[in-house]
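Novice: My structure is below; once you've seen it, I'll send some questions.
Number of protein chains: 2
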Amino acid sequence: MELAEARQKFIETWGKLGSEWGINRTMAQVHALLLIAPEALTTEEVMEALSISRGNANMTLRDLINWGLVEKQHKPGERKEYFFAEKDAWTIARQVAQERKKRELDPLLKVLNELSEVKGNEKDAEYKTFKTSVKGITKLSANVNKTLETMIKAEESWFWGSILKIFK
Amino acid sequence: MELAEARQKFIETWGKLGSEWGINRTMAQVHALLLIAPEALTTEEVMEALSISRGNANMTLRDLINWGLVEKQHKPGERKEYFFAEKDAWTIARQVAQERKKRELDPLLKVLNELSEVKGNEKDAEYKTFKTSVKGITKLSANVNKTLETMIKAEESWFWGSILKIFK
DNA sequence: ATTAATTTTCAATAATTTTTGAAAGTTTAA
DNA sequence: TTAAACTTTCAAAAATTATTGAAAATTAAT
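In order, the protein sequences belong to chains A and B. Quick note, the working numbering runs 6 ahead of the 1-based positions in the first sequence. Quick note, the working numbering runs 6 ahead of the 1-based positions in the second sequence.
Okay, structure coming up:
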């Protein structure tokens, strides 16, 4: 496969993967484009490469910055802003884990905690089933939470080394 | 909090979480409803409880069955079909992991493998960056893959016991 | 201060996804 | 069979989400 084709395929694949995980396709594609770009790109270049509008490029790049996956760069003597993606896969994974934990898991744990205090009658099947289900999900979530906390702090080699050693 | 309110909140929260993870909100809500239902429910009851149409309920329940999260039940002497959700959180997590691995990670690994064979010039910065990025993602994906394979086969207590022991 | 370059905003539009509901299909029992 | 009970399908409609593009805002050099 030629480089140009491979780059296209990578961008497309990353975009599809993103959309399957609740991330807007274009955002994932811009991320992919920057991931395989040796140098920081301008908004103009991103627009051009993916055939998207200025507004879309601007908002998408802003979102990627908010996710901690992309940084602005300024070249001396130049007015334009350049955008550059973190390239290390482990750093990306940790960043995504951290953001999704903050946005989704932490609020979920809070709700589950509230729900665990529901009042009711121990003889009531609905009440019992509710409590049992919530408790099971809470326990699982707590384990995921601890694992993510560890991951977010960890070195890649230590983290996978530890996990894969057990599983061998 | 009263049971009725707590049940509503649980359904709403599960629906929101689902939509953040690329799962249609209604599908997650139907799942939530069945998760906290002590008995299997009919299509009619699902429609009623969530105010959704028959067509929607039917398709959503079919999808949940395809995900391995819900089963059909038949009550003796009754014509209607009843739907019942697997209640164990670990079993649910494994089932979701298995399906998403099959639908998303396995195809991704296949593409990454193809992309690793891209032809090009070692002196070309675009080529080098591409190869490096793809290699990094491939390595991470392989580790996730092995972890999921282990998880899919594992007993809950062994899995978390092993992981959390390392991280303590 | 003025202007030209660049970035940001956001109402309007387009695209996509989800839902509806009625018709068609299927199953079971009389 | 017939018919009632129930399930499935799917084209059309509704709802949601993403994108555009031009105007407004900002920035920096003259």
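Just so you know, even glycine gets a beta-carbon here, dropped at the ideal spot from N, CA and C.
Check this for me: beta carbons of residue 158(B) and residue 104(B), under 9 Å apart or not?
Specialist: Taking 9 Å as the Cβ cut-off, residue 158(B) and residue 104(B) qualify as a contacting pair.
Novice: Taking 7 Å as the limit between beta carbons, can you name the residues of its chain near residue 69(B), skipping five residues before and five after?
Specialist: Taken in chain order, the residues that qualify are 33.
Novice: Could you name the residues of the same chain whose beta carbon sits closer than 7 Å to that of residue 17(B), not counting the 5 residues immediately before and after it, in chain order?
Specialist: Closer than 7 Å at the Cβ level, and outside the excluded window around residue 17(B), lie 35, 38, 39.
Novice: How would you write the range of the alpha helix (DSSP H) that residue 116(A) sits in, first residue to last?
Specialist: Note, residue 116(A): alpha helix (DSSP H), 112-121.
Novice: My understanding is that residue 118(B) touches residue 150(B), with C-beta atoms under 8 Å, so please give their C-beta distance in whole angstroms.
Specialist: With 8 Å as the limit, residue 118(B) and residue 150(B) do not qualify as a contact, their Cβ atoms being about 12 Å apart.
Novice: Residues of chain B with CB closer than 8 Å to the CB of residue 7(A), please, in chain order.
Specialist: Simply 120, 121, 123, 124, 125.
Novice: Provide the residue span of the alpha helix (DSSP H) that contains residue 140(B), from first to last.
Specialist: Its alpha helix (DSSP H) spans residues 131-159.
Novice: Runs of 4 residues minimum, wholly inside the stretch 8-69 of chain A: which ones carry the alpha helix (DSSP H) assignment?
Specialist: Within the stretch 8-69 of chain A, the complete alpha helix (DSSP H) runs of at least 4 residues are 9-26, 31-41, 49-56.
Novice: Looking only at C-alpha atoms, which of 102(A), 140(A), 101(A), 127(A) sits nearest to residue 120(A)?
Specialist: Closest by alpha carbon: 140(A).
Novice: Could you list the residues in the stretch 153-167 of chain A with a C-beta less than 7 Å from some C-beta on chain B, going in chain order?
Specialist: Going along the stretch 153-167 of chain A in chain order, one finds 153, 156, 166 with a Cβ nearer than 7 Å to chain B.
Novice: Rounded to a whole number of angstroms, what is the C-alpha to C-alpha distance between residue 97(A) and residue 161(B)?
Specialist: Their Cα atoms are separated by approximately 30 Å.
Novice: Is the Cβ of residue 81(B) closer than 9 Å to any Cβ of chain A?
Specialist: No, its Cβ sits nowhere closer than 9 Å to a Cβ of chain A.
Novice: Just checking: is the beta-carbon of residue 47(A) within a distance shorter than 9 Å of some beta-carbon in chain B?
Specialist: Not one chain B Cβ lies under 9 Å of residue 47(A).
Novice: Going along chain B, which residues have a C-beta under 8 Å from residue 90(A)?
Specialist: Per Cβ cutoff of 8 Å: no residues; residue 90(A) is ~11 Å from chain B at best.
Novice: Between residue 79(A) and the rest of its own chain, which residues show a CB-CB distance below 8 Å, the 5 nearest in sequence each way excluded?
Specialist: Around residue 79(A): 46, 87, 88, 89, 90.
Novice: Let me confirm a value: residue 167(B) is counted as buried when at least 16 other C-beta atoms fall within 10 Å, else exposed. Which label applies?
Specialist: The residue in question, residue 167(B), is exposed, as its Cβ has fewer than 16 Cβ neighbours within 10 Å.
Novice: Residue 122(B): which of 134(B), 171(B), 130(B) sits nearest, CA to CA?
Specialist: Checked all of 134(B), 171(B), 130(B); the closest Cα to residue 122(B) is 134(B).
Novice: Would residue 74(B) pass as a contact of residue 101(B) if the rule is Cβ separation under 9 Å?
Specialist: Yes.
Novice: May I have the straight-line CA-CA distance separating residue 22(B) from residue 145(B), to the nearest angstrom?
Specialist: Going from the Cα of residue 22(B) to the Cα of residue 145(B) covers about 32 Å.
Novice: Counting along the chain, where does the beta strand (DSSP E) carrying residue 171(B) start and finish?
Specialist: Careful: residue 171(B) lies outside any beta strand (DSSP E), inside the alpha helix (DSSP H) at 162-173.
Novice: In this structure, what does DSSP give as the bridge partners for residue 78(B)?
Specialist: In DSSP, residue 78(B) forms a bridge with 89(B).
Novice: Pick helix, strand or coil for residue 125(B), following the three-state DSSP scheme.
Specialist: It is coil, neither helix nor strand.
Novice: Can you list the residues of chain B that residue 17(A) reaches, using a CB-CB cut of under 8 Å?
Specialist: By Cβ distance, chain B contributes nothing, its closest Cβ being about 11 Å from residue 17(A), past 8 Å.
Novice: Give the interface partners of residue 28(B) over in chain A, defined as CB-CB distance under 8 Å, in chain order.
Specialist: Those are 25, 26, 27, 28, listed as they occur along chain A.
Novice: Is there at least one Cβ from chain A nearer than 9 Å to residue 94(B)'s Cβ?
Specialist: With 9 Å as the cut-off, residue 94(B) counts as an interface residue toward chain A.
Novice: Sorted by chain position, which residues of the same chain lie with C-beta nearer than 8 Å to residue 147(A)'s C-beta, five sequence neighbours on each side aside?
Specialist: These residues qualify, in order along the chain: 111, 114, 115, 118.
Novice: Quick check on residue 55(A) - is its C-beta less than 9 Å from some C-beta in chain B?
Specialist: Chain B contact via Cβ: absent.
Novice: For residue 107(B), collect the residues of the same chain with a Cβ closer than 6 Å to its Cβ; drop the 5 residues on either side in sequence, then sort them by chain order.
Specialist: Contacts found: 154.
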